[in-house]
Structure formats: C-alpha cells, structure tokens
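Step one of this worksheet: look at the structure below.
2 protein chains.
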Amino acid sequence: MAAKGGKPLTTIMVAVNQSSVKGYPHASISCTGAFEWTLKKIVRSNASGFKILLLRVEVPDEDGFDDEDRTYGSAEDIQSMQHSFILARLKFLKFFVKQCHDNGVACEAWIKQGDPRKLISSEVKRLQPDLLVVGSRGLSFFQKIFIGSVSAYCQKNADCPVIVINRSPSQTPEDNAED
Amino acid sequence: MAAKGGKPLTTIMVAVNQSSVKGYPHASISCTGAFEWTLKKIVRSNASGFKILLLRVEVPDEDGFDDEDRTYGSAEDIQSMQHSFILARLKFLKFFVKQCHDNGVACEAWIKQGDPRKLISSEVKRLQPDLLVVGSRGLSFFQKIFIGSVSAYCQKNADCPVIVINRSPSQTPEDNAED
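If you read the sequences in order, they're chains R and B.
Per this note's numbering, the first sequence runs over residues 68 to 246.
Per this note's numbering, the second sequence runs over residues 68 to 246.
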C-alpha cells in the first residue's frame, strides 16, 4: 500500500490490551498512552503517510472468554454472556479505530488469543511493520521476573524496530503492576 | 519551537559516530542506516513537523584527537594535523546536516567528548527529545559484555523513548564488531 506521493506507507503496529482494573471495554493506561503518543509525535498531521495496525492479544484465563468460575442457568444465559463479551471486545477496538478515523489514518484492528509475547512477535514476522509500539508499566527488575514484561520481550525478540512508551508517573497507579 | 500549525515539533535525537574502519569523515554503517531510516519512515514528507538533533560523542583514544602514537617534527606539523582533523569532523557532520537540509528538516549537530553511553543519556536529560534513535551493530551476548553496546545501554537508561535500528544483514561486515 502506498501514500499519495507513491512512497510506501509507514506501517506501525501498536499492541493494545484491556485495563487490568476495569476490564473490557476499557483500554489499559499504558497502551492508551503508547497509541496516543504515536498519533501525536510520529503521525502528526501526515496521516496519509501511515497505516496503524492495532493488535490485541487476549490471554485466555485473564480475559474471561474461557472463564470456568461463572454459573449459567440456561443456554440463553450463556448466549447472553457471549453476546455481551463480543460487544465489549468490539467497543474496545472501536476506541482505537475511531481515533484513527478521526485523525484520517488508515488502520486495521484484530484480536488474537494466546501468549502476547509470542503472538506479537509472530504477527510482526507475518506482517513486517516498519515499527512496533508497545506501552510499558515500568515494572521493577523482580516484577519483570515474576509477572513478566511483554515490552521487554518484544524489544529483544521482535523482528522490527520497537519503541517502548512508559506510562507517565502521574498516570501510574499505586500498584504499578495494575494498568 | 512549534510547527506551522502551532503544535510543538517532534524532536528526534540521532546518535551518530564515525566509521570504525575508514575513520573520519566517514560515518558508520549503523548510524547512517538509523539516520536514513528516521528520515524515510518517520519524517517522510512532513519535514516541517520535526527537528533532528545530531549528537556525535567522540571517545578520546578511539577518535585520535588525543593520539600519542604520532610523531610531529614541528609546531606547523601539529597545527596542520589539528586543522585536518577539524575539517574531517566538520565534513562528517556535514554529511548528516546536508541530508536534513535537502529534506527540509530543521536540525542541529554537535560533538561531545567522553563515554558515549553516559553522554547520550545526559544529553537526552538536558534536551528532552521526544525520541532517541540509535543504530546497532547487532553484537552477540558475549560481544556486548566485552565490547559494550551503546544502544543496549541507551535503551535501558535514556529518559525518553528509544528506537534501535539494526544494520541490515547485507550491510554487516564479516567482523560484525566493525562498523
């Protein structure tokens, strides 16, 4: 895909995830910051030169789509829950897609399920974006070992240049593992 | 400093260094790649939205401005050598500044002397660019320990988002510590 001048578009993959506190359809603080930074600092008013690829990787248990803790009384209960969940996911993606459209930037958004670290890397390999943008909670050394850091993994392993955008201190919750 | 639309410019600091094989005034393969990537993929045709800060950090012994191996027969010899060295440094900076001017991007270029890892980080702290771009030779784990990696240090310690641009395999010399 090429911009008006004939030069190929700069494709930027932005990894997005849901808020760890509020759940779907709310986006996490760090990925919202990384996405808005990309629009403001890189794309700026040159919307026709860029394409944004919005990738959400759901971790099965964390995201509740395989939730075994709930009780359902009937097939309708399950269908209703599934319907609400699909709507919440769509609303989540819409939050980003709408901002791209408002800024006139081409975009694509999709959801994958699995380990975010491996899936982001494999989607980078498949789509070969020019740049991967990932938000970071700014975990400490030990938190990185125990909780795991998607941004640190991508920075080491993704097959394209990576920008990690840290949350601003004013937006960091008391427990910085929350996002 | 603001772009025409009143939005502040996106300032990108690019760390540049001389070729380890050819010396001044030639630029290294990795920093040339990182600089050209920035113009092509980020700045694109939106030159009025960006300002590029070109920082060269000279390592005293490596860059020969404190070279004790040479013999000089007279004060004129020394003056002539100093003059050639100044010209070579200016020619080195001109290589980057000219490309910025040809693309219509505002830029500033300057030289500092000391440890590149610490000086790049302290210049980032002083000037607070939106982004730091650093080229990388793609050293192995052990090479990083023994030779040291400026890009890895900056990625960990710089107070702004960092993009590391790896050399393309086709441009990598047989000895990948060379650049």
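Every residue, glycine too, gets a C-beta built ideally from N, C-alpha and C.
Just so you know, these numbers come straight off a predicted model, no measurement behind them.
Practice item. Entirely within the stretch 153-221 of chain B and at least 4 residues each: give me those alpha helix (DSSP H) ranges in chain order. Key: 183-194 and 208-214
Review point. Could you give the residue range of the alpha helix (DSSP H) that holds residue 232 of chain B?
Key: In the second sequence, the residue the question calls residue 232 of chain B occupies position 165. Careful: residue 232 of chain B lies outside any alpha helix (DSSP H), inside the beta strand (DSSP E) at 229-233.
Check your understanding: Expressed to the nearest angstrom, what Euclidean distance is found between the alpha-carbon atoms of residue 154 of chain R and residue 183 of chain R?
Key -> For the purposes of this step, residue 154 of chain R is taken as residue 87 along the first sequence, with counting starting at 1. For the purposes of this step, residue 183 of chain R is taken as residue 116 along the first sequence, with counting starting at 1. The straight-line gap from Cα to Cα measures roughly 22 Å.
Check your understanding: For the stretch 192-203 of chain B, which residues have a beta carbon sitting closer than 8 Å to at least one beta carbon of chain R?
Key -> 197 and 198
Point to revise | Own chain, CB closer than 8 Å to residue 206 of chain R, minus 5 neighbours either side, in chain order | key: Locating residue 206 of chain R in the first sequence gives position 139, counting from the first residue. For residue 206 of chain R, where only same-chain residues beyond five positions count, the Cβ hits under 8 Å are 214, 216, 243 and 244.
Review point. Can you find a C-beta in chain B that's less than 8 Å from the C-beta of residue 111 of chain R?
Key: Position 44 of the first sequence, counting from 1, holds the residue named residue 111 of chain R. Residue 111 of chain R counts as touching chain B.
Review point. What's the C-alpha gap between residue 164 of chain B and residue 111 of chain B?
Key: Against the second sequence, residue 164 of chain B aligns to sequence position 97. Against the second sequence, residue 111 of chain B aligns to sequence position 44. One C-alpha to the other measures close to 16 Å.
Check your understanding: Exposed or buried, what is residue 176 of chain B when buried is set at 16 or more other beta-carbons lying within 10 Å of its beta-carbon?
Key -> Walking along the second sequence from the start, residue 176 of chain B turns up at place 109. It counts as buried.
**Study point:** Buried or exposed (CB count within 10 angstroms, at least 16 for buried), residue 193 of chain R
**Key:** Along the first sequence, one-based indexing puts residue 193 of chain R at 126. Exposed, by the Cβ-count rule.
Check your understanding: CB residue 10 of chain R to CB residue 122 of chain R, shorter than 8 Å?
Key -> In the structure as shown, chain R starts at 68 and stops at 246, and residue 10 of chain R therefore has no counterpart that could be examined.
Review point. Beta-carbon of residue 145 of chain R versus every beta-carbon of chain B: anything under 8 Å?
Key: Reading the first sequence from its first residue, position 78 is the one you call residue 145 of chain R. Judged by the 8 Å Cβ criterion, residue 145 of chain R is not in contact with chain B.
Point to revise | Reference residue 174 of chain B; option with closest CA among B:81, B:74 and B:232 | key: The residue you call residue 174 of chain B lines up with position 107 of the second sequence. When each option's Cα is compared against that of residue 174 of chain B, the closest is B:81.
Check your understanding: Should residue 149 of chain B be flagged as near chain R, meaning a C-beta pair shorter than 8 Å?
Key -> Numbered from its first residue, the second sequence carries residue 149 of chain B at position 82. With 8 Å as the cut-off, residue 149 of chain B does not count as an interface residue toward chain R.
**Study point:** C-alpha distance - residue 83 of chain R paired with residue 201 of chain R, whole-angstrom precision
**Key:** Within the first sequence, the letter at position 16 stands for residue 83 of chain R. Within the first sequence, the letter at position 134 stands for residue 201 of chain R. Cα to Cα, the separation comes out at about 8 Å.
Point to revise | Own chain partners of residue 186 of chain R with C-beta closer than 7 Å, once the 5 adjacent residues on each side are dropped | key: The residue labelled residue 186 of chain R in the question sits at position 119 within the first sequence. So the list reads 124 and 179, once near-sequence residues are dropped.
Exercise for review: Tell me where the alpha helix (DSSP H) around residue 99 of chain R begins and ends.
Suggested key: For this step, residue 99 of chain R is matched to residue 32 along the first sequence. Unbroken alpha helix (DSSP H) run through residue 99 of chain R: 96-104.
**Study point:** Boundaries (first-last residue) of the beta strand (DSSP E) holding residue 121 of chain R
**Key:** Here residue 121 of chain R refers to the residue found at position 54 when the first sequence is read from its first residue. That run of the beta strand (DSSP E) goes 117-125.
Practice item. Pick out whichever of B:228, B:232 and B:226 has its Cα sitting closest to the Cα of residue 228 of chain R. Key: Here residue 228 of chain R refers to the residue found at position 161 when the first sequence is read from its first residue. Residue B:232 is the option with its Cα nearest to residue 228 of chain R.
Exercise for review: Excluding the 5 residues preceding and the 5 following residue 139 of chain B in the sequence, name in chain order all residues of the same chain whose CB lies nearer than 6 Å to its CB.
Suggested key: Working through the second sequence from its first residue, we reach residue 139 of chain B at position 72. Closer than 6 Å at Cβ, skipping near neighbours: 145.
Check your understanding: At a CB-CB cut-off below 8 Å, which residues of chain B make contact with residue 183 of chain R?
Key -> Position 116 of the first sequence, counting from 1, holds the residue named residue 183 of chain R. Residues of chain B passing the Cβ test: none, with the nearest at roughly 20 Å.
Exercise for review: Consult DSSP for residue 225 of chain R and reduce its assignment to one of helix, strand or coil.
Suggested key: The residue given as residue 225 of chain R occupies position 158 in the first sequence. It is coil, neither helix nor strand.
Review point. Do residue 172 of chain B and residue 117 of chain B have their CB atoms nearer than 8 Å?
Key: Stepping through the second sequence from its first residue, residue 172 of chain B is reached at position 105. Stepping through the second sequence from its first residue, residue 117 of chain B is reached at position 50. Yes, Cβ-Cβ distance for residue 172 of chain B and residue 117 of chain B is below 8 Å.
Exercise for review: Might you give, ordered along the chain, the residues of its own chain that have their beta carbon closer than 6 Å to the beta carbon of residue 126 of chain R, omitting 5 neighbours on each side?
Suggested key: Translated into the one-based positions of the first sequence, residue 126 of chain R becomes position 59. Closer than 6 Å at the Cβ level, and outside the excluded window around residue 126 of chain R, lies no residue.
Check your understanding: Going by DSSP, which residues form a beta bridge with residue 78 of chain B?
Key -> Translated into positions along the second sequence, residue 78 of chain B becomes position 11. Note: residue 78 of chain B sits in a beta bridge opposite B:118.
Point to revise | Exposure label - residue 89 of chain B; buried when at least 16 CB within 10 Å | key: Here residue 89 of chain B corresponds to residue number 22 of the second sequence, with the count starting at 1. When all chains shown are included, residue 89 of chain B counts as exposed.
Point to revise | Contact with chain B by residue 231 of chain R, beta-carbon distance below 8 Å | key: Taking the first sequence and counting its residues from 1, one reaches residue 231 of chain R at position 164. Yes, because at least one Cβ of chain B sits closer than 8 Å to the Cβ of residue 231 of chain R.
Point to revise | Reduced DSSP secondary structure (H/G/I, E/B, other) of residue 147 of chain R | key: To locate residue 147 of chain R, count along the first sequence from 1; it is residue 80. It is helical.
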